[in-house]
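Numbering (the working numbering), first residue to last: 8 to 408. Here a beta-carbon is modelled for each residue, glycine too, at the ideal position from N, C-alpha and C. Below: one structure, written as structure tokens.
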């Protein structure tokens, strides 16, 4: 039978895994050990059911997800104290003991204390399965450069919300297999990303080109494809560019590799975000040091909207004494990306090739001549050929529209 007093003391003694005491399931279990009441039992099971019906798997999940100071220290390569390592070993044994507790262990005590009041009541139960938390934790630490820790172990896509890196639970992206055309451009992105993962020197990268050519889709597809090798992607909005140095500092000791993704980048005159990004890229033409790189997309080669009046030097309408320097500054930001890849709209042959590939993927049953004729007509109505136009056309066909 469970020694509730001893088990409560063990839970209270958690130090390295101290944050787990606030976990809703473990916290409600600790409360149950005080009372063994039906009410606290149902509260515990309800808390568990919100995630799973398997207590062992739940305990494994929260242990491996915990980003305590010991995990972060190992990830950063710092030598760990033998005393702390012993504490980790002991606490994993405590957590494994909890993971093995069956509903029968608890119900037996509840019946003993409340025999008359619950004799006819059916109490909900949970499952248990064999699990070695020590072995699982050791495996995690040995592969932490690929698996990560905390939220970075659970998610691949992130965004910045109120200055905080926040996971995207249900990201919208295509896989590399779902992208057609632009093999040369895609291979350049893949090679640069592999250099980031290998630590051999990746470049900050600007993807420039027409709308709908797959710039953003390619970056997200590459991030998803290399997630199991320790790659994560964080989207940064234009008005958050000044936060990039702080984000990099926060990620500096993380064992994973990160793409800071800026989509649809362009600036107006006197935009403070222009200066913020330029300062970040200053002196980093060959790439960001460490584990972070910036990938940006834009429909503008020079990123800053330039008017004809900006070039009217000496016309009497210009009050900038150093106009050429100003123009050079607005054009210099793009040059600070170590790698610029151009995505041009496909010609007719390339566009129709993409249509054929998508039609095969979507199992479109239509004569090829008719398919291509209608695809070209759709492109004319949509103001041009692009991979996006091709996919929209095929999706409309698939939907019978």
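Inter-residue Cα distance where the pair is residue i and residue j
i           : j           : result
residue 145 : residue 92  : 11 Å
residue 103 : residue 66  : 8 Å
residue 83  : residue 157 : 14 Å
residue 37  : residue 108 : 13 Å
residue 359 : residue 131 : 59 Å
residue 348 : residue 150 : 33 Å
residue 297 : residue 212 : 16 Å
residue 227 : residue 251 : 19 Å
residue 40  : residue 15  : 7 Å
residue 247 : residue 116 : 55 Å
residue 25  : residue 19  : 8 Å
residue 86  : residue 258 : 20 Å
residue 375 : residue 220 : 23 Å
residue 373 : residue 398 : 16 Å
residue 235 : residue 163 : 9 Å
residue 184 : residue 101 : 45 Å
residue 119 : residue 12  : 17 Å
residue 401 : residue 354 : 18 Å
residue 232 : residue 369 : 21 Å
residue 267 : residue 75  : 25 Å
residue 186 : residue 62  : 41 Å
residue 114 : residue 81  : 40 Å
residue 315 : residue 305 : Unreliable positioning characterises residue 315 in this predicted model, as indicated by a pLDDT of 45, which lies under 50. A coordinate reading is not provided.
residue 271 : residue 44  : 57 Å
residue 215 : residue 52  : 53 Å
residue 190 : residue 382 : 22 Å
residue 106 : residue 57  : 17 Å
residue 112 : residue 10  : 10 Å
residue 391 : residue 225 : 20 Å
residue 377 : residue 388 : 17 Å
residue 168 : residue 60  : 32 Å
residue 129 : residue 17  : 30 Å
residue 8   : residue 79  : 37 Å
residue 42  : residue 29  : 19 Å
residue 411 : residue 97  : Because the chain is modelled from 8 through 408, residue 411 falls outside the range shown and cannot be assessed.
Residues near residue i in its chain [Cβ-Cβ closer than 7 Å; skip 5 each side]
i           : result
residue 50  : 35
residue 197 : 229
residue 27  : 21, 33, 69 and 73
residue 137 : none
residue 293 : Per-residue confidence for residue 293 stands at a pLDDT of 39, beneath the threshold of 50, marking its modelled position as unreliable; the derived number appears in the next sentence. Closer than 7 Å at Cβ, skipping near neighbours: 208, 210 and 345.
residue 199 : 209, 210, 212 and 346
residue 361 : 187, 188, 353, 394 and 397
Which residues DSSP lists as bridging residue i, in chain order
i           : result
residue 212 : 302 and 346
residue 134 : 61
residue 242 : 166 and 268
residue 174 : 165
Beta-carbon proximity list for residue i, same chain, < 6 Å, skipping 5 on both sides
i           : result
residue 95  : 23 and 77
residue 371 : 404
residue 255 : 299
residue 141 : 99
residue 152 : 237 and 262
residue 357 : 188
residue 242 : 166 and 268
residue 329 : For residue 329, the predicted model reports a pLDDT of 43, less than 50, meaning its position is unreliable; a value from the coordinates is still stated below. So the list is empty, once near-sequence residues are dropped.
residue 47  : 38 and 39
residue 54  : 31, 32 and 35
residue 303 : 213, 269 and 272
residue 393 : 219, 220 and 352
residue 379 : 359
residue 364 : 187
residue 206 : none
Own chain residues within Cβ distance below 8 Å of residue i, not counting five before or after
i           : result
residue 154 : 147, 160 and 237
residue 288 : 211, 301, 340, 343 and 344
residue 143 : 67, 70 and 71
residue 323 : Residue confidence is low: residue 323 scores 47 on pLDDT, short of 50, so the model does not pin down where it sits. No coordinate-derived value is stated.
residue 407 : none
residue 395 : 218, 219, 220 and 221
residue 204 : 233, 236, 237, 238 and 264
residue 135 : 61, 62, 63, 106, 107, 108 and 109
residue 253 : 170
Residue-chain proximity (residue i, chain C), Cβ-Cβ < 9 Å
i          : result
residue 95 : The chain labelled as chain C is not found in the depicted structure, where only one protein chain is given.
Indicate whether the contact test is met: 3 or more Cβ pairs, each with one atom in the stretch 83-92 and one in the stretch 164-173, closer than 8 Å.
no
So, do the stretch 178-193 and the stretch 256-263 have three or more beta carbon pairs nearer to each other than 8 Å?
no
Which ranges does the beta strand (DSSP E) cover as unbroken runs of at least 3 residues, wholly within the stretch 342-389, from first to last along the chain?
346-350
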